[in-house]
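Here the structure comes first, spelled out in structure tokens, and everything after it is commentary.
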């Protein structure tokens, strides 16, 4: 950290800080300009006690949303740094496909701020990529976010706790049954780590939470292996009705 601070003026001179969304000049290499910050939507209260889905202001705290009443979730909450909109989408695309991995600390700070009592003794587990996708991309974006969250919260990063045993197609546009078929047997706990999950508290990390199919498969695998609590942390949560 001391070396980074020492070299910061040189880096800023060679690569002047700019907002990763609009290119506006900044005073530091981290963060967004004020205009782009204002475009992000941070989920607030009141929210569903089970999944943290934002609820109407007229409703009392501690209520459960209709989807969770209809089908109680296996997870123990969803900590979303932002709601998915144009600004958060551009950040995710820049991070994951534009390879701007320097965005990870800023994105993780927004996620960590929503994680309540997570701290030492918790395991931070990223959603896994299949080895061929990891080879093509060169990094697992969930693992980069998880590393930062573990550092911020003093938790333990378990980067290879879960493994994706077979490649899966994109789930966008698939119905619930089709998603379940695609993910059947695709994700499991690595054999060498199964004994580490008995009674564990886990933060499951991903960049975007959409339908919950992938994270649901991960949560099921973790709980079958003995995890006590599994909280899902994502940078952007798709909830169009909440916008």
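Residue numbers (the numbering used here): 2 to 244.
By construction, the Cβ of each residue, glycine as well, lies at the ideal position given by its N, Cα and C atoms.
Within the DSSP secondary-structure output, residue 26 pairs in a beta bridge with 19. In the DSSP assignment, residue 147 falls within the unbroken alpha helix (DSSP H) covering 142 to 154. Look at the stretch 50 to 117 and you find these whole runs of alpha helix (DSSP H), each 4 residues long or longer: 67 to 71, 87 to 97 and 105 to 113.
When C-alpha distances from residue 36 are compared across 18, 73, 88 and 179, the shortest belongs to 88. According to DSSP, residue 205 shares a beta bridge with 126 and 233.
Within the same chain, Cβ atoms closer than 6 angstroms to the Cβ of residue 203 are found at 124, 126, 223, 228 and 231, the five residues on either side in sequence being excluded. Under DSSP, no beta-bridge partner is assigned to residue 41.
Secondary structure of residue 240 (DSSP, three-state): coil. Two segments are said to touch when three or more pairs of C-beta atoms, one from each, lie closer than 8 angstroms; by this definition the stretch 84 to 101 does not touch the stretch 62 to 75. Closest by C-alpha distance to residue 183, out of 166, 20 and 236, is 166.
The C-beta distance from residue 219 to residue 146 rounds to 14 angstroms, too long to fall under 8 angstroms, and the pair is not in contact. In the three-state scheme derived from DSSP, where H, G and I count as helix and E and B as strand, residue 157 is classed as strand.
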